[in-house]
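Novice:
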Amino acid sequence: MKIDWHSAVLTRSTVVDKHYKNTQNVRRFMIDECGADFRFDRDFMAWILNDASKNLGDVADEWKRRHSL
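For the sequence shown, the UniProt record's numbering begins at 1 and goes up steadily by one.
#1: Considering just the uninterrupted stretch of the alpha helix (DSSP H) at A46, what are its terminal residues?
#2: Nearest by alpha-carbon distance to R39: which of N22, S53, A52, D51 is it?
#3: With a 10 Å radius around its C-beta and 16 neighbouring C-beta atoms as the bar for buried, classify L49 as buried or exposed.
#4: Do R34 and K64 have their CB atoms nearer than 8 Å?
#5: So, at 8 Å on beta carbons, what are the nonlocal neighbours of I31 in its own chain, with the 5 sequence-adjacent residues on each side left out?
Here it is as structure tokens:
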């Protein structure tokens with residue numbers, strides 16, 4: 001089933017599919033998960049879309065890993 005990335009209720013278990021979009025809805029989810037400093041950048045967006053299976057929990061965890069240094 002195709003997710004409406006603009007209006008769907010997003011959770012850590014929401015699967016990132018081939019129709020994934022960096023929407024305001026996703027940004028709100030990521031800010032809730034990662035904090036007010038969350039930002040998308042090109043490398044991170046490329047990682048999200050790299051065709052490896054992942055969910056939004058994996059995405060949030062990866063952002064936190066990259067920014068814990």
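All residues carry an ideal CB built from backbone N, CA and C; glycine is no exception. Just so we're clear, the structure is a prediction, and the values are computed from it rather than from any experiment.
Specialist: Taking the structure as given:
#1: For the purposes of this step, residue 46 is taken as the residue at position 46 of the sequence shown. Taken as a continuous stretch (DSSP letters only), the alpha helix (DSSP H) holding A46 covers 42-48.
#2: In the sequence shown, the residue the question calls residue 39 occupies position 39. Out of N22, S53, A52, D51, the CA that lies nearest to the CA of R39 is found in N22.
#3: Residue numbering aside, residue 49 sits at position 49 when the sequence shown is read from its first letter. Classification of L49: exposed, given that the 10 Å Cβ count is below 16.
#4: Position 34 of the sequence shown, counted from the first residue, corresponds to residue 34. Position 64 of the sequence shown, counted from the first residue, corresponds to residue 64. The question names Arg, but residue 34 is Cys in the sequence shown. Yes, they are a contact pair.
#5: Here the question's residue 31 lines up with position 31 in the sequence shown. The answer, listed in chain order, is F38.
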